[in-house]
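Only one structure is covered here, and it is reproduced in the block below.
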Amino acid sequence: MGKLFEWSRFFENIPKILPYLTVTFSIVFYATIFGVLLAVFIVLIQIKKIRVLYQISKVYISFMRGTPMLVQLMLIYYGLPAIIDPLLGTSINRDWSAVVFAYVTFILNQGAFLSVIFYSAVTSIPYGQTEAGLSVGLTHYQTFIRIILPQMIRVALPPFGSDLVGLFQGSSLVFLIGVTDIMGRAKTIGSATKHVLEAYVFDVIIYIIISLAVRLLFWYLNKRLDYTNGRKTGGKEGIPWIST
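Under my numbering, the first residue of the sequence shown is numbered 2, with each subsequent residue one higher.
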């Protein structure tokens, strides 16, 4: 078996694991893009209070926010074929790659979480600002783009950044349904070599570095969008990854 941890094995695992980071990034990318679109649709339903859809959206959000990601992943992976296959006479477990189920799960999850963030951001802006825009001759669209949207982005940006970090870290669960991401690759290396520690340590380093980079990026963006940034607050500026 040899030593529990050896640097030589650690560096040998880097080129074996690193290419699979693209799988993790693809999950984060699709979940973010389509999750944002789904969240916007849900927010519109909630603002307009569309009958039936409004109640469905409430139940959907409560379920997605109230259950663990692992449970959602397993429900989609095993439940979706059980619903679709009898209706269409297909076998999507055989026809679809496992990563597709990961995409669906994380898109639905992000749609629920981001809809809460976006709805809170929209409703935090006083309606009087919309009335002020309309009173000076702006259309509803112009008022939203020029007045409401910039403020909405500034309010939603910090929780959106935290959600993105959580999404990146949560994507590590997809190896449980057979998706070979960096965690899945670390598992296969450990099974083949009987040395698991080096591969998992490298995964931990990747998650830490990227999570800190994302937090730093959103801290910088939030600082640039902060209208009070030039004012003295009487205290030290916050460090992006440390809350006090």
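Think of the CB as a built atom: it goes at the ideal place given N, C-alpha and C, for glycine as much as any other residue.
Proximity to residue i [Cα-Cα], best of the options
i    : options                : result
T144 : A157, P127, V156       : P127
I18  : I207, W220, R155, V37  : I207
V37  : V53, L165, A99, F176   : L165
E7   : D227, Y201, L217, I210 : Y201
F169 : F26, T194, I51         : F26
A99  : L109, P82, L135        : P82
V205 : L226, V105, I15        : I15
I250 : F12, D227, V105, F30   : Absent from the structure is residue 250, since the part of the chain shown begins at 2 and ends at 245.
Q47  : V197, T124, V156       : T124
Buried or exposed by the 16-neighbour rule on C-beta atoms within 10 Å, applied to residue i
i    : result
G171 : buried
D96  : exposed
S116 : buried
Q111 : buried
L174 : buried
T68  : exposed
Q56  : exposed
H141 : exposed
T33  : buried
A250 : Residue 250 lies beyond the residue range present for the chain, which begins at 2 and ends at 245; the question has no answer from this structure.
S58  : buried
A122 : buried
Coarse secondary structure for residue i, derived from DSSP in three states
i    : result
R10  : helix
P159 : helix
S98  : coil
H141 : helix
V175 : helix
D204 : helix
K1   : Because the chain here runs from 2 to 245, residue 1 falls outside it and cannot be looked at.
I126 : coil
T68  : coil
Straight-line Cα distance separating residue j from residue i
i    : j    : result
A133 : S63  : 35 Å
L74  : M65  : 11 Å
T131 : I43  : 21 Å
A113 : Y61  : 7 Å
R216 : V180 : 26 Å
G280 : G167 : No information on residue 280 is available, as it lies outside the stretch 2 to 245 that the chain covers here.
F219 : D182 : 25 Å
R1   : M153 : Coverage of the chain is limited to positions 2 through 245, which leaves residue 1 absent and any answer about it impossible.
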